[in-house]
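Peer 1: The structure under discussion is supplied below as structure tokens; questions concerning it will follow.
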Amino acid sequence: DSIMGHRGGGPGGEHEASRRMKTELLIQMDGLSQAHDEDQRIFILAASNLPWELDIALLRRLEKRVYVELPGLQARKLTFRKILQTNKTISEDIDFETLAKKTESYSCSDITLLCKEAAMHPLRRFMKNAEANRLSKVKAELGPINMEDCELALS
């Protein structure tokens, strides 16, 4: 979608160089489909988070289209479980069902970022309360990632 968005759209129109680049890409794609020798063929795989923004001429050249939906409740729950349980310091109070319900429109990438953010909260909590002479005991005093950390990351 960043390269092959609708041509000519948007305020002020499209820059001439962008329009030419898109046209050239489409011409080259047409040339690829002309190859008769199997050793000369190229497989094109394209992905977009904004398929409705793609140029209609590009869509015509992509014969097969597969829509991959956002993960459902169970998939989100399993994703949280998999990511958070790789951390050896995880609290038993984490409710994966609640986290999955609160992240209905999240992708797996969004959930991964949320888990990373939650994992930073024990460190932030420790640093906020740490004294200079206690820094050598960081790992022991950090504490596990808990449900509150996940809730804070959600907010």
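According to full-length UniProt numbering, the stretch in the sequence shown is residues 1 to 155, in order.
We treat Cβ as the ideally placed atom computed from N, Cα and C, and that holds for glycine.
#1: So, under 8 Å CB-CB, Ala57 and Leu26 are touching, yes? Tell me the CB distance rounded to an integer number of Å.
#2: If you draw a straight line from the alpha carbon of Ile44 to that of Asp30, how long is it in whole angstroms?
#3: So what does DSSP say about Leu54, is it helix, strand or coil?
#4: For Arg19, does the count of other Cβ atoms within 10 angstroms reach 16, so buried, or fall short, so exposed?
#5: My guess is that Ile42 and Ile90 are in contact by the Cβ rule of under 8 Å, so how many angstroms apart are they, rounded?
#6: Kindly indicate which three-state DSSP category Ile90 falls into: helix, strand or coil?
#7: Under the three-state reduction of DSSP, which class applies to Ile42: helix, strand or coil?
#8: Determine the contact status of Lys102 and Leu154, defining contact as a CB-CB distance below 8 Å.
#9: Is the beta carbon of Leu142 closer than 8 Å to that of Leu123?
#10: Please report the straight-line C-alpha distance between Gly72 and Leu113, rounded to a whole angstrom.
#11: Could you check what DSSP says for Gly31 in three-state terms: helix, strand or coil?
#12: Verify whether the separation of the beta carbon atoms of Thr79 and Ile111 is less than 8 Å.
#13: Could you pull out every residue in the same chain whose Cβ sits closer than 8 Å to the Cβ of Leu32, ignoring the five residues on either side in sequence?
#14: Mind checking whether Asp95 and Ala118 have CB atoms under 8 Å apart?
#15: Would you tell me roughly how many angstroms separate the C-alpha atoms of Asp93 and Met120, rounded to the nearest one?
Peer 2: In short:
#1: 5 Å
#2: 12 Å
#3: strand
#4: exposed
#5: Going by Cβ atoms, the distance from Ile42 to Ile90 rounds to 45 Å, so no, they are not a contact pair.
#6: strand
#7: coil
#8: yes
#9: yes
#10: 18 Å
#11: helix
#12: yes
#13: Arg41, Ile42, Ile44
#14: no
#15: 17 Å
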